[in-house]
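The block underneath contains the structure these notes are about, expressed in structure tokens.
In our numbering, the protein residues as written are 51 to 847.
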């Protein structure tokens with residue numbers, strides 16, 4: 051049933067209420083048999099042809115969404131182009147009282163998802179179904195159609211055991227116009243390909259990866275990448291190798307494992323390229339059974355070990371399979387560069403050691419085939435003497451680079467070793483006794499030696515990036531390193547020293563992109579810690595632009611420019627935030643701050659699916675950064691999943707009880723869920739850990755409001771805080787929510803209007819926020835909500 055306030059596009063008549071017995075053209079509704087994000091499905095009788103059909107209707111709440119109507123129609127058109135026994139047949143596309151629908155073949159049977167739950171299916175049956183699915187995919191791909199959402203629930207099986215692919219709602223048709231709206235997940239988390247999870251363009255090879263996940267689940271009864279959260283699942287998709295099939299099912303042919311490993315290869319260029327390739331291999335397994343490979347060669351047999359146990363034999367077989375080079379799934383190589391230890395006599399070269407470490411990280415990060423741990427995670431081991439194997443396990447890397455620097459006057463002694471985590475083997479080591487003026491040559495040698503030791507093949511552009519020197523003047527470079535060290539102290543005195551160091555460097559060599567970018571970062575940090583905003587914002591933006599004019603590919607400059615733009619006063623600036631972060635990723639696809647910024651801002655905009663994907667990518671290169679948990683909580687908060695938000699904020703609070711943003715949102719979510727006492731404990735703690743902070747004042751406004759002490763709550767909103775809040779769209783939304791809690795409707799709506807004017811267009815949050823219930827019926831609120839929704843729909847992330 052639909053609600054009485056559901057209307058068609060012109061909003062003049064209610065949408066059709068679909069009830070049993072209703073005639074929809076020449077179809078009579080019998081019962082509702084399914085529902086999903088893009089359609090409600092009804093069993094119906096075709097009164098003209100006397101047969102049962104399935105009618106799929108666009109849900110009422112999406113009938114006003116132009117792009118949803120277009121996508122719904124596209125599904126029908128995509129499937130209607132295909133005539134194949136393993137693809138559901140579309141009979142008709144039409145509309146009934148404002149609700150688009152299409153009539154399709156009714157499959158009497160069950161979904162593959164239901165079939166999998168019944169377990170334990172024979173290999174013969176699994177291969178038979180797999181061949182049918184691939185035949186359907188092959189037909190679609192030959193017609194230029196990529197499904198993009200292959201999963202068990204989108205594959206039906208009839209009573210004769212025939213598989214049928216359904217739901218082409220996310221299909222991409224070659225040569226057709228792409229829908230511009232974003233905000234819905236293009237694919238289903240858990241069955242996505244790595245390129246889908248990274249938000250990249252996909253093609254038929256993505257469907258083949260998704261098919262691989264379905265095949266794995268048919269055999270083992272479990273999805274290959276599923277984890278405790280969506281973010282962890284995406285991380286697994288991008289980097290994890292599934293456990294061998296033999297762990298979950300006996301009698302799996304070696305060649306079926308080989309087929310699956312190739313289908314689930316992360317690099318799409320090494321994956322099956324066409325469905326007919328995987329079809330040929332599956333048919334060969336079906337024809338020859340487990341005795342022969344798809345190429346017709348007899349499998350090698352391991353000799354039985356007399357007196358050995360069955361378990362030992364199974365281990366040997368699996369080990370044999372995985373040790374063969376042609377059967378080893380390709381895996382991205384990974385490295386953590388630990389902070390170099392200061393061995394100088396005076397212990398006064400920390401800035402130099404940290405800077406040297408960071409430069410090696412930056413150089414290696416430009417290599418796409420190498421996962422390089424970000425500074426924050428690597429530096430979490432600074433000053434600690436943990437075992438390399440433990441460090442490798444915590445960071446999830448295969449290799450670790452560690453070293454020490456002794457700097458005395460102009461002489462350097464640098465000792466470096468590259469260690470294999472698994473066995474502690476020193477893959478490469480070197481000691482440099484050089485003059486400080488040779489520092490850039492040493493960096494060149496270290497970087498190229500790592501590339502050689504890890505047997506990495508670099509594209510010409512990657513080689514150029516690895517060999518790129520930060521600047522030509524050693525004295526200016528030392529100014530930059532000192533400034534970077536001071537900026538990372540996050541206090542105003544240190545930041546002002548950093549600005550002076552950077553100016554000294556500019557005085558030495560003139561215009562330089564790295565020095566200008568560092569200066570922009572210094573001014574951004576002044577804004578970030580609450581110093582005067584207006585002038586520093588302008589100065590920082592000007593410096594970032596000067597850096598990019600000298601080097602358009604400098605990722606650090608793009609990231610800091612995005613951060614500075616974020617603080618700007620106009621909604622169109624959000625487009626600039628997204629653009630600059632994406633430009634940073636073009637130069638360095640694993641730039642963690644850009645990835646987290648995109649995750650954070652997607653969540654703020656209500657684009658939580660994209661936010662999860664960006665955060666998962668950030669976690670692969672910066673797993674120990676506390677901001678991952680904060681950002682995860684933020685995503686769940688704006689997705690309305692408050693229980694998961696509390697879980698993530700709780701994890702982050704165990705590490706960092708001094709971050710006011712973390713603590714405020716932690717308290718806020720507790721309050722939204724009615725857990726006032728927990729919220730009050732956090733707010734009271736904020737008074738100790740972050741006294742005078744604007745978010746601490748917000749916390750006490752919230753506490754007093756929940757205690758119905760409006761006088762105290764209003765006292766927290768000082769004139770200075772009002773000025774600060776009016777500059778920021780989200781803070782304005784928070785204030786609006788609080789005033790609504792106080793039942794001060796006009797003040798709440800004033801702040802809400804300011805929030806929308808400055809770019810807070812997350813209409814889903816406005817609809818969901820329980821504190822806004824006192825203004826939700828007001829005409830002014832509804833007008834603002836409609837405007838926010840329109841701008842949200844037309845905002846391209």
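Positions of the beta carbon are idealized from the N, C-alpha and C atoms, including for glycine.
Take the alpha-carbon of residue 406 and the one of residue 676: they are about 24 Å apart. Collapsing the DSSP output to three states places residue 193 in coil.
In the three-state scheme derived from DSSP, where H, G and I count as helix and E and B as strand, residue 617 is classed as coil. In terms of Cβ geometry, residue 517 and residue 499 do not form a close pair [threshold 8 Å].
When the Cα atoms are used, residue 278 and residue 285 turn out to be separated by approximately 11 Å.
DSSP, read as helix, strand or coil, puts residue 302 in coil. With a cutoff of 8 Å on beta-carbon distance, residue 207 and residue 162 are scored as near each other. The alpha-carbon of residue 120 is positioned some 12 Å away from that of residue 151.
In this structure, residue 454 places its C-beta atom within 8 Å of the C-beta atom of residue 393.
Exclusion of the five residues before and after residue 569 leaves 549, 552, 593 as the residues of its chain whose Cβ lies within less than 7 Å of its Cβ. Ranked by Cα distance from residue 462, the options 402, 824, 585 are led by 402. Taking 8 Å as the cut-off, the beta carbon of residue 281 is found closer than this to the beta carbon of residue 665. Counting of Cβ neighbours within 10 angstroms places residue 708 among the exposed residues, the total staying below 16. With a cut-off of 8 Å on Cβ pairs, the segment 641-657 is not in contact with the segment 821-832, counting fewer than three such pairs. In the structure shown, residue 535 adopts helical secondary structure according to DSSP, grouped into three states. Judged by DSSP secondary structure, residue 448 falls outside any alpha helix (DSSP H); it is assigned neither H nor E. Pairwise C-beta distances place the segment 770-789 out of contact with the segment 586-603, as fewer than three of them are shorter than 8 Å. Only buried fits residue 722, as 16 or more other CB atoms lie within 10 angstroms of its CB. For residue 476, there is no enclosing alpha helix (DSSP H); the residue is found in the beta strand (DSSP E) stretching over 476-485. Straight through space, the alpha carbons of residue 262 and residue 305 are spaced by roughly 14 Å. In the structure shown, residue 188 adopts helical secondary structure according to DSSP, grouped into three states.
DSSP places residue 746 in the helix class (H, G or I) of the three-state scheme.
Straight-line spacing of the CA atoms in residue 786 and residue 615 works out to 23 Å. The shortest CA-to-CA distance from residue 397 to any of 456, 384, 389 is the one to 456. Residue state for residue 470 is assigned as strand, using DSSP reduced to three classes.
At least 8 Å separates the beta-carbon of residue 609 from that of residue 640. Across the structure, residue 74 and residue 143 are spaced so that their CA atoms are roughly 12 Å apart. Around the C-beta of residue 408, 16 or more other C-beta atoms lie within 10 Å, and the residue is accordingly described as buried.
Note: residue 208 is bridge-paired with 159 in the DSSP secondary-structure output. Distances from the alpha-carbon of residue 659 to those of 383, 796, 240 put 240 closest.
Cβ contact annotation for residue 544 (same chain, cutoff 8 Å, sequence separation greater than five): 536, 537, in chain order.
Scanning its chain for C-beta atoms nearer than 6 Å, with the 5 sequence neighbours on each side dropped, one finds around residue 781 the residues 775, in chain order.
For residue 435, the secondary structure class from DSSP, reduced to helix, strand or coil, is coil. Annotation for residue 411: the continuous alpha helix (DSSP H) segment containing it runs 400-414. By the 16-neighbour rule on beta-carbons within 10 angstroms, residue 528 is buried.
Residue 717 sits away from residue 684, with the two beta carbons spaced by 8 Å or more.
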